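Everything below concerns the one structure shown next.
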Amino acid sequence: MKRKTFLILMGVVFMALMALVLFVDSLPAFFSSVLAFPFEQIGAALRALALTGNIGNGLALALCLAISLLPVLSVLRHKSEKNYIGENIALCCISIIVFITLLSMANTSKLLSAFPYLTMESLPLVKAIVSGAVWSVIILWIILRLIRLFRSGNTNKLFRYLRIALHALCIFFVAAIAISCGSALLEGLSASQKIIDHVMEVIRFIVSSLPSIFGIVITLSLLTLLDAYIERNEENTVRYADLLSKRCCVALGVTAASASIFNVLQLLLSRFLSDISVNVEIPVVILTFILLVLILSRLIVENRKLQNDNDLFI
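Put into structure tokens, the structure is as follows:
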């Protein structure tokens with residue numbers, strides 16, 4: 011995928027996820043949580059169809075079965091291949107749990123009856139738990155598929171899978187900004203009482219988004235480095251590796267400094283703010299990823315320097 015096209019795709023994904031977060035905030039009756047999407051909406055559509063009469067009820071049940079059995083199509087294609095056993099089991103589990111989830115979403119009274127100690131007010135939480143179970147099995151299937159691909163692929167395929175994985179990682183960072191940071195932004199803006207509170211919430215959003223933003227920048231730089239390495243362009247490989255290491259250093263420094271600066275800024279403006287929330291959260295996963303990329307880029311640069319010294323010695 012071309013870089014410009016992928017950037018547009020990331021923008022579209024960000025806007026779509028931010029719209030979903032906004033729907034959850036403004037339309038809780040139809041979008042109870044981000045985690046329940048899209049099973050909650052499909053269940054509501056099936057319920058509306060079932061309430062039209064006996065024919066509609068039959069069509070709703072048929073559609074529920076058809077949607078649930080979609081993963082089984084892949085199982086049938088690879089049912090005799092031993093390498094697909096783990097994936098096939100996961101896909102069968104997805105079919106079963108999707109069917110149960112859609113029926114539950116279409117009939118919320120039965121969904122609550124499974125949790126007799128909860129009230130109607132807890133329905134969004136129950137929907138999120140049930141949908142979360144589906145997403146967890148889907149993630150399991152993705153991981154099992156990745157394991158099979160990386161174990162059976164040759165060098166060219168491994169590089170291609172790595173490119174796909176890095177593109178998916180960028181989408182993950184975009185999702186983290188929209189869902190996690192975006193939700194916090196909307197919640198903070200709704201609770202703000204003064205203009206300066208709104209300004210601080212926007213700054214908080216930027217600070218909390220910085221690790222994921224740097225993750226995107228570094229992942230895209232890593233893709234550029236990977237392309238140069240695949241093309242065996244040693245000069246560009248070293249140049250991009252050196253540039254990548256510098257960006258990693260900047261990312262680590264700015265990420266660490268931004269939270270501290272924001273907390274100090276809150277203290278300085280505390281007399282003007284309606285609420286103060288000191289943030290000491292450390293994005294361990296993203297910082298670890300940046301650190302590993304930094305080490306990798308430095309190893310490439312140092313390896314090239316050592317090779318040049320050996321050439322001069324010879």
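Numbering (this note's numbering), first residue to last: 11 to 324.
All residues carry an ideal CB built from backbone N, CA and C; glycine is no exception.
The structure presented is a predicted model; accordingly, all values stated were derived computationally and were not measured.
Asked, Found
"Assuming residue 228 contacts residue 108 under a Cβ cut-off of 8 Å, what Cβ separation, rounded to an integer in Å, is found between them?", "About 36 Å; that fails the 8 Å criterion."
"Using the Cα positions of residue 205 and residue 281, report the straight-line distance between them to the nearest angstrom.", "14 Å"
"Using only CA atoms, which one of 143, 207, 233 and 148 lies nearest to residue 171?", "233"
"To the nearest angstrom, how far is it from the Cα of residue 51 to the Cα of residue 151?", "23 Å"
"If we call anything under 9 Å between Cβ atoms a contact, is residue 99 one with residue 78?", "no"
"Among 253, 80, 261 and 111, which has the Cα closest to the Cα of residue 101?", "80"
"Which of the three DSSP states, helix, strand or coil, is assigned to residue 43?", "coil"
"Leaving out five residues on either side along the sequence, give the residues of the same chain with a beta carbon under 6 Å from the beta carbon of residue 179.", "229"
"At the level of alpha carbons, what is the spacing between residue 116 and residue 88?", "32 Å"
"If you draw a straight line from the alpha carbon of residue 29 to that of residue 199, how long is it in whole angstroms?", "16 Å"
"Output yes or no for whether 9 Å exceeds the beta carbon distance between residue 17 and residue 181.", "no"
"Indicate whether residue 140 and residue 24 have their beta-carbon atoms separated by less than 9 Å.", "no"
"Quick one, which of 74, 83 and 91 has its alpha-carbon nearest residue 111's?", "74"
"Using beta-carbon positions only, say whether residue 190 and residue 220 come within less than 9 Å of one another.", "no"
"Throw me the rounded Cβ distance for the residue 113 and residue 136 pair, which I believe falls under 8 Å.", "Incorrect: roughly 14 Å between the Cβ atoms, too far for contact."
"In whole angstroms, what separates the C-alpha of residue 239 from that of residue 71?", "53 Å"
"If distances are taken between C-alpha atoms only, which option among 260, 224, 40 and 278 comes closest to residue 118?", "40"
"Using the three-state DSSP reduction, which class does residue 6 fall into: helix, strand or coil?", "Lying before the first or after the last residue shown, residue 6 is absent from the chain, which here runs from 11 to 324."
"Tell me whether residue 211 sits in a helix, a strand or coil according to DSSP, three-state version.", "helix"
"Look up residue 63 in the DSSP assignment and say whether it is helix, strand or coil.", "coil"
"Roughly how many angstroms separate the alpha carbons of residue 186 and residue 223, rounded to a whole number?", "10 Å"
"When you compare each of 265, 231 and 46 to residue 252 by their alpha carbons, which one comes out closest?", "231"
"Note down, in chain order, each residue of its chain lying with its Cβ closer than 8 Å to the Cβ of residue 194, except the 5 sequence neighbours on either side.", "214, 215 and 218"
"Does the distance from the CB of residue 138 to the CB of residue 266 come in under 9 Å?", "no"
"Quick check: the Cα distance between residue 168 and residue 159, rounded to an integer number of angstroms?", "8 Å"
"How many Å lie between residue 188 and residue 248 at the Cα?", "34 Å"
"Can you give me the C-alpha to C-alpha distance between residue 86 and residue 54, rounded to a whole angstrom?", "30 Å"
"Grouping DSSP H, G and I as helix and E and B as strand, with all else coil, what is residue 7?", "No answer is possible for residue 7: the residues shown for the chain start at 11 and end at 324."
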